[in-house]
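Residue numbers (the numbering used here): 8 to 393.
Following this line, the structure appears as C-alpha cells:
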C-alpha cells in the first residue's frame with residue numbers, strides 16, 4: 008500500500024464540511040477566519056460561583072470519563088458549563104446518551120450536554136484500519152470503530168444503564184460552537200478539558216481562531232511521551248483516534264496547556280481497595296452506580312484493576328499538588344499516516360533553557376508522575392460526597 012501523508016492544510020480545508028457530516032442534528036460552525044485576532048481579551052464579570060469548565064469527552068458508562076464528570080460535578084469550586092461529546096471510546100450518539108443518563112442519576116440535569124463530532128477530522132479513518140492493522144500490527148482497542156455507529160442517541164444497540172435518558176441534548180448547537188459561545192461569554196475564565204479525541208476543540212479553534220487568547224487553559228488526556236503507546240508502540244488512544252485534530256490542538260497558541268499522558272496514568276491503579284472505600288457507608292446515587300456496575304466485576308475477580316486516565320486531569324485541576332512531576336516541553340503529534348501515526352512528541356529545553364523544537368510547536372506542562380495518596384484522597388472524597 009502506498010504511504011499517504013495528511014498534512015494540516017488538508018485538515019483545515021475539511022473542517023467545516025466534516026461537522027455537518029458527523030453531527031447532522033446540529034449546525035456546522037461558522038466559516039473559518041483567516042488568522043487569530045491579536046487584540047487583548049475584554050474583561051467580563053464572573054456570572055457564577057467557581058472556576059468555569061467545559062468537559063469535552065468520549066463518554067462511557069462509569070469509565071474514567073464518567074468518573075471525571077462526577078468529580079467536576081461534585082467539586083464545590085467548579086462552575087460546570089457543559090459536557091461536549093465526541094466519538095472515541097464510544098460513538099458520539101452513545102456518549103451523548105451515557106452523559107445525559109449519568110447526569111440524571113446524580114441529579115445534575117442543569118449541566119447541558121452538547122453533541123459534537125461523530126467522526127475524526129480526516130475522512131476514512133475507520134476504513135484505513137484494516138490496512139493499518141496489517142501493516143503495523145492490530146490495535147488491541149479501537150473504541151467506537153469496533154462497533155456499528157447508532158443512528159441516534161436514543162437508538163443504541165443496548166439501552167444505557169437505568170434506561171434511556173429523559174433529558175435531551177442541547178438543541179441547535181454543535182459542540183464546537185458551544186465551546187466558542189462559552190469562551191466568548193466568559194473570556195479568560197474557561198478551562199477546557201480535552202479528555203477524548205481533540206476533534207471538537209480543533210474545529211472550534213480553526214473556525215473561530217479569535218477564541219484562542221480567551222481560553223484560560225486546555226487540559227488534555229492524551230499522548231505517551233516516555234513510554235510506548237497503549238494502542239500501538241507509538242500512540243496512545245485519544246491521539247491515535249484523531250491525530251490530525253490532536254496536532255492542530257497542541258500547536259494552537261493557547262495561554263496554557265497541560266497534558267496528562269498515559270505515562271501519568273501508570274502511577275494510580277484502581278482496584279477493589281479503592282472501590283470498597285467509595286461504596287462504604289450511606290447509599291448515594293454515585294455509590295449505587297458503582298455497586299451496580301463494578302460490584303459484580305470485583306465479586307467475580309477481586310484482583311481486577313483499572314487505570315484512571317481522565318480522572319487525573321480533574322485531579323490536577325482541582326489540586327495542582329496531585330501532579331508530582333511536570334516537565335515543560337514543546338509538543339507535537341505525528342499526523343503522517345505510517346507506523347508513527349498519532350505519536351506524541353515532546354521536545355525538551357536544553358541546558359540553557361533554549362527551545363530546540365520544530366517551528367509551530369507550543370509549550371505544554373506534561374504531568375509525568377502523580378502523588379498517589381493525594382490523588383486517592385481527592386478522588387474518593389469527591390465520589391463519596393452526598
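For glycine and all other residues, C-beta sits at the position ideal for the given N, C-alpha and C.
Item, Value
"Could you work out which residue in 285, 276, 177 is closest to residue 316 when comparing CA atoms only?", "276"
"I need the boundaries of the alpha helix (DSSP H) containing residue 284, first residue and last residue.", "279-286"
"Tell me the rounded alpha-carbon separation between residue 189 and residue 177.", "13 Å"
"Apart from the five residues on each side of it in sequence, which residues of its chain come closer than 6 Å, Cβ to Cβ, to residue 382?", "275, 322, 329"
"Starting from residue 214, trace the beta strand (DSSP E) in both directions and tell me its first and last residue.", "Careful: residue 214 lies outside any beta strand (DSSP E), inside the alpha helix (DSSP H) at 206-214."
"Per DSSP, residue 351 is paired with what?", "340"
"Mapping DSSP to helix, strand and coil, what is residue 389?", "helix"
"Within the continuous alpha helix (DSSP H) that includes residue 103, where are the two ends?", "99-112"
"Give me whichever residues DSSP pairs with residue 264 in a beta bridge.", "225"
"Here's the rule: buried if 16 or more other CB atoms are within 10 angstroms of the residue's CB, otherwise exposed. What is residue 59?", "buried"
"Alpha carbon to alpha carbon, how far is residue 122 from residue 167?", "17 Å"
"Whole-angstrom Cβ separation of residue 146 and residue 238, contact assumed at under 8 Å?", "5 Å"
"Secondary structure at residue 200, three-state DSSP: helix, strand or coil?", "strand"
"Does the region 96-103 come close enough to the region 61-79 to have 3 or more Cβ pairs within less than 8 Å?", "yes"
"Within the chosen definition, does the region 183-202 reach the region 217-234 through at least 3 CB pairs nearer than 8 Å?", "yes"
"Name, in chain order, the residues that DSSP records as bridge partners for residue 373.", "266, 334"
"With a 10 Å radius around its C-beta and 16 neighbouring C-beta atoms as the bar for buried, classify residue 262 as buried or exposed.", "exposed"
"Between the alpha carbons of residue 264 and residue 98, how many angstroms are there, rounded?", "26 Å"
"Please classify residue 348 as buried or exposed, where buried requires at least 16 other C-beta atoms within 10 Å of its C-beta.", "buried"
"Residue 139 and residue 291: beta carbons closer than 8 Å?", "no"
"Does the contact criterion of 3 or more C-beta pairs under 8 Å hold for the region 147-155 versus the region 227-246?", "yes"
"What three-state label does DSSP hand residue 249 in the structure shown?", "coil"
"If you run the structure through DSSP and keep just helix, strand and coil, what is residue 238?", "coil"
"Give me the residue from 313, 206, 62, 170 with the minimum Cα distance to residue 94.", "206"
"Is the beta carbon of residue 319 sitting closer than 8 Å to the one on residue 242?", "no"
"Would you kindly work out how many angstroms separate the C-alpha atoms of residue 281 and residue 387, rounded to a whole number?", "7 Å"
"What are the residues that DSSP puts in a beta bridge with residue 86?", "59"
"Helix, strand or coil: which one does DSSP assign to residue 394?", "No answer is possible for residue 394: it lies beyond the span of the chain, which begins at 8 and ends at 393."
"How far does the beta strand (DSSP E) with residue 121 in it reach, from first residue to last?", "120-122"
"Here's the rule I'm using: 16 or more other beta-carbon atoms within 10 Å means buried, otherwise exposed. How should residue 12 be labelled?", "Caution applies to residue 12, whose pLDDT of 33 falls short of 50 and renders its modelled position unreliable; the value that the coordinates give is listed next. Residue 12 comes out exposed."
"Look up residue 314 in the DSSP assignment and give the residues it is bridged to.", "276"
"Pull up the CB-CB distance for residue 65 and residue 96, whole angstroms please, since I reckon it's below 8 Å.", "4 Å"
"Residue 374 to residue 340, Cα distance in whole Å?", "17 Å"
"Give me, in chain order, the residues of the same chain whose beta-carbon lies closer than 6 Å to that of residue 215; leave out the 5 immediate sequence neighbours on both sides.", "187"
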